[in-house]
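What follows is a set of notes on a single structure, which appears directly below.
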Amino acid sequence: MTIAIIIIAYVLNVFLNRWLNKLIYKYDRDNKLMTSVWFIPIVGTIFLFIVFIDVSATKEKNWFTGKYWK
1 MTIAIIIIAY VLNVFLNRWL NKLIYKYDRD NKLMTSVWFI PIVGTIFLFI
51 VFIDVSATKE KNWFTGKYWK
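For the sequence shown, our numbering assigns the number 1 to the initial residue and increments by one for each residue that follows.
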């Protein structure tokens, strides 16, 4: 049972990383798809969150104020 939970968590993490990469690519088309990062469980997710925040903050000034939220 423990092995099944670990496998399911890993697969869900891969899909989370793919979704984050899609959001990064949507904001900034100059970034390339980082497919190798999808399969690194924790470090890849943290890396993609940091890149997403950086791309979002630099793309639109005042992103965190809610003025440009869609």
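The C-beta atom is built at its ideal place from N, Cα and C for all residues, glycine as well. On a predicted model such as this, the values are computed, not experimentally measured, just so you know.
Grab me the residues of residue i's own chain with a C-beta within less than 6 Å of its C-beta, minus the 5 sequence neighbours each way, in chain order.
i: tryptophan 38; result: Val14, Asn17 and Arg18
Which residues in the same chain as residue i place their Cβ atom closer than 8 Å to its Cβ, once the five residues preceding and following it in sequence are excluded?
i: leucine 48; result: Asn17, Leu20, Asn21, Ile24, Met34 and Val37
Return yes when the Cβ of residue j is within less than 8 Å of the Cβ of residue i, no when it is not.
i: valine 55; j: tyrosine 10; result: no
Can you tell me which of the three DSSP states residue i falls into?
i: leucine 33; result: coil
i: aspartate 54; result: helix
i: isoleucine 8; result: helix
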